[in-house]
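Trainee: When you line the sequence shown up against UniProt numbering, it's residues 1 to 467, in that order.
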Amino acid sequence: MRSSPKITLSIGKPPTLVEADSEVSASWTCGVCGYVNALSPTEGVPSPAAKCGLCGVGFSTSRSSSSLPTTRSGTPQPIPAIPAINEDPDGGIACPACTFLNHASLSHCEICSTPLPSNRKRTVASVASTSAVQQNGGDVALEVVRLSFRNGGVKEAYRRLKNVLGSKSWERQVNPSNTSADSTDGAMSTPRAGAGIGVDGILQSMSLDAKSQDDDMQTAFKDLEVLMVRAGEMVRMAQSLNAKLTAQQQSSNTPSDEETTLIRTSLVQLGLPAPALTQDMVKDDRRYFDGLAKELGGLLTGRPGDRETQGLMVGRQGRGVIGLDEVWGLWMRARGVSLLPPSTLISILPFLPQHTSPQIRPLTLPSSLMVLYSPYYAPLNLLSRILALLTPSPTSIQEPSLSVIDISAHEGLPIGLAKEFIEQLETTRVHVLPGSQEASGLVRDDQAAQADGGVRWYRDIISGWPV
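(1) Would you check if the region 280-300 and the region 350-358 touch, i.e. whether three or more CB-CB distances between them fall below 8 Å?
(2) Considering only residues of the same chain and omitting the five flanking positions on each side of residue 359, which have a CB-CB separation below 6 Å?
(3) How many angstroms separate the CA atom of residue 357 from the CA atom of residue 313?
(4) Let me check understanding here. Comparing Cα to Cα, which of 282, 277 and 370 lies closest to residue 334?
(5) Pick helix, strand or coil for residue 459, following the three-state DSSP scheme.
(6) Keeping to the same chain, check which residues put their C-beta closer than 7 Å to that of residue 470; ignore five residues upstream and five downstream.
(7) Classify residue 202 as buried or exposed, calling it buried when 16 or more other Cβ atoms lie within 10 Å of its own Cβ.
(8) Should residue 211 be labelled buried (16 or more other beta-carbon atoms within 10 Å of its own) or exposed?
(9) Might you give, ordered along the chain, the residues of its own chain that have their beta carbon closer than 7 Å to the beta carbon of residue 364, omitting 5 neighbours on each side?
(10) Would you mind working out which of 8, 54, 457 and 95 sits nearest residue 144, comparing C-alpha positions?
(11) Look at the Cβ atom of residue 410, then the Cβ atom of residue 387, and state whether they are nearer than 8 Å.
(12) Once you ignore the five residues that flank residue 311 on each side, which residues in its own chain have a CB closer than 7 Å to its CB?
(13) Rounded to whole angstroms, what's the CA-CA distance from residue 445 to residue 455? Just pull it up for me.
(14) Can you give the Cα-Cα distance for residue 114 and residue 52, rounded to whole angstroms?
(15) Considering Cα atoms alone, identify which of 245, 327, 458 and 339 is closest to residue 399.
(16) For residue 404, is the classification buried or exposed, using 16 other Cβ atoms within 10 angstroms of its Cβ as the cut-off for buried?
(17) For residue 287, does the three-state DSSP call read helix, strand or coil?
(18) Exposed or buried, residue 373, counting other C-beta atoms within 10 Å across all chains shown (16 or more means buried)?
(19) Return the residue from the list 107, 39, 33 and 442 that minimises the CA-CA distance to residue 379.
(20) Compute the beta-carbon to beta-carbon distance between residue 420 and residue 375, rounded to the nearest angstrom, for a pair I have assumed lies under 8 Å.
(21) Hey, how far is the Cα of residue 136 from the Cα of residue 205?
(22) Whose C-alpha, out of 55, 27 and 32, is nearest the C-alpha of residue 45?
(23) Would you please state the rounded distance, in angstroms, between the beta carbons of residue 93 and residue 199? I believe it to be under 8 Å.
(24) Spell out the partners DSSP gives residue 115 in its beta bridges.
(25) Once DSSP output is grouped into helix, strand and coil, what is the label at residue 32?
(26) Considering only C-alpha positions, which residue in the set 159, 38 and 423 is nearest to residue 382?
(27) Which of the three DSSP states is assigned to residue 232 in this structure?
(28) Within a Cβ cutoff of 6 Å, which residues of the same chain sit near residue 408, ignoring the five residues on either side of it in sequence?
(29) When you compare only the Cα positions, how much space is there between residue 220 and residue 233?
(30) Starting from residue 373, follow its DSSP beta bridges and name the residues at the other end.
(31) Have a look at residue 98 and residue 108 and give me their C-alpha separation to the nearest angstrom.
(32) Can you tell me whether DSSP reads residue 442 as helix, strand or coil?
(33) Kindly give me the distance between the Cβ atoms of residue 32 and residue 55, rounded to whole angstroms, as I take these residues to be in contact under 8 Å.
(34) In chain order, what residues of the same chain lie with their CB nearer than 7 Å to the CB of residue 291, ignoring the 5 residues before and after it?
(35) Any idea what DSSP makes of residue 58, helix, strand or coil?
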């Protein structure tokens, strides 16, 4: 032990020592960083307002600390060592700040994130002794920690200790965005306290997530504000164009209808939605009805230029059958203030198949309800599917039948519409050869039990036979 370099750390209130060496100058030692501060020749005792020249801690705070090192000349002789208070016999490490007993694999306290003594330091620098000595009759107790460097490294330890004291790491707050603390030596870079370890790591992770979400929301709101400004400019541009068109129409030099239509439809090329067609935008009624049918067709089947066609009756969310009253309400809501009477909707129905793909056609059901249907629900196509369901297999004994509920579930129609379609199909016949056993239509059985769904429908295999 005598041949190894040593560092002695004295912890506790300094004892009253009688210094025989007259070369020791008047000074006081900071209880936080251990820096020896020199006193002026006129001062015998440091004033309470004096501050440490290295760490800036006041003299009164330094004196109240229990970790005030002495000068080298005042280092007492050690006595038999006692076990270190920061190590547990089971391998735990006591936090020097909150005394919480942490697991040996942790580098920071799980409760307060204070750096714990590293395993490397405990291995390289073995503790020779921790002693308490009595000075001047045993009035003051002083704890001493002596580090012995058997394999060298004392100069490196002094250098790093000086760097740590000079950087005042204890005064800096941990920056969550940095993964390691600043250090002059890359090999001794300290990871961010509590990063992913223990309760403190969880709390810091939650704080980082909340901050990230807040930043994303702030960015989204900024983008929305920019979009609102651009949209306002586009609306003002459209209003300006409409005002110019109105002024030209009221003046003597009125442009032709073709020019007016061209200018109004050019709003679409500016990124604005297509304006609703009105009577003053076309010459005659036929073009007016044809334009309205084209507008309604775009609502029902989607715009042809869309990447994925979506409409009221086409697409994944489309419905194959929709009532005319519902179509009128949705169309008027899309047009905004340019409303039309229901009679206009009925007038444009003959033009609708020319502007829809697949073709959408009108149908009047037995209850006088008017609907629009896609080719999948055309009467003949629907009748063919139902007859295929009612066709018995070669091994079947009984003739199969269907109720309105069965047909509604199979075709994906509301029960009311399914009943209306079945009554419509009851008067519809498919062409079959005379004498053929193939069914040409549907017949009902009104005597079916209510437990079986009420009215049952069968194949009509009688009407095709000659009388």
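Heads up, the beta-carbon is just placed ideally off N, CA and C, and yes, glycines get one too.
As the structure is a prediction and not an experimental result, all values here were calculated from the model.
Mentor: Reading off the structure:
(1) Taking 8 Å as the limit for Cβ pairs, the verdict is that the region 280-300 does touch the region 350-358.
(2) Residues of the same chain with a CB within less than 6 Å of the CB of residue 359, apart from the 5 flanking positions on each side, are 353 in chain order.
(3) Our two residues, residue 357 and residue 313, have alpha carbons roughly 11 Å apart in a direct line.
(4) Cα-wise, what sits closest to residue 334 is 277.
(5) Note: residue 459 maps to strand in three-state DSSP.
(6) Here the chain has residues from 1 to 467 only, and residue 470 is not among them.
(7) Exposed is the call here.
(8) Here residue 211 is exposed, its C-beta having fewer than 16 other C-beta atoms within 10 Å.
(9) So the qualifying residues of the chain are 370.
(10) Minimum Cα distance to residue 144 is reached at 8.
(11) Taking 8 Å as the Cβ cut-off, residue 410 and residue 387 do not qualify as a contacting pair.
(12) The answer, listed in chain order, is 299, 300, 301, 302 and 318.
(13) Taking the straight line joining both Cα atoms gives about 6 Å.
(14) So the two alpha carbons sit approximately 23 Å from each other.
(15) Residue 458 is the option with its Cα nearest to residue 399.
(16) Buried.
(17) Note: residue 287 maps to helix in three-state DSSP.
(18) Answer is buried; the Cβ neighbour count reaches 16.
(19) Minimum Cα distance to residue 379 is reached at 442.
(20) By a beta-carbon distance limit of 8 Å, residue 420 does not contact residue 375. Their separation comes to about 19 Å.
(21) Residue confidence is low: residue 136 scores 44 on pLDDT, short of 50, so the model does not pin down where it sits. No coordinate-derived value is stated.
(22) From the listed residues 55, 27 and 32, the smallest Cα separation to residue 45 is found for 27.
(23) 17 Å between Cβ atoms; not a contact.
(24) In the DSSP secondary-structure assignment, residue 115 is bridged to 108.
(25) Three-state result, residue 32: coil.
(26) Comparing Cα positions, the closest option is 423.
(27) Three-state result, residue 232: helix.
(28) If we look at residue 408 and ignore the five residues flanking it on each side, its Cβ neighbours are 415 and 418.
(29) Computed Cα separation, rounded: 20 Å.
(30) Residue pairing of residue 373 in beta bridges, as defined by DSSP: 321 and 361.
(31) A straight-line Cα-Cα distance of about 12 Å links residue 98 and residue 108.
(32) Three-state result, residue 442: strand.
(33) In this structure residue 32 touches residue 55 by the C-beta definition: roughly 5 Å separates them, less than 8 Å.
(34) Excluding sequence neighbours, residue 291 sits near 277 and 282.
(35) It is a strand residue.
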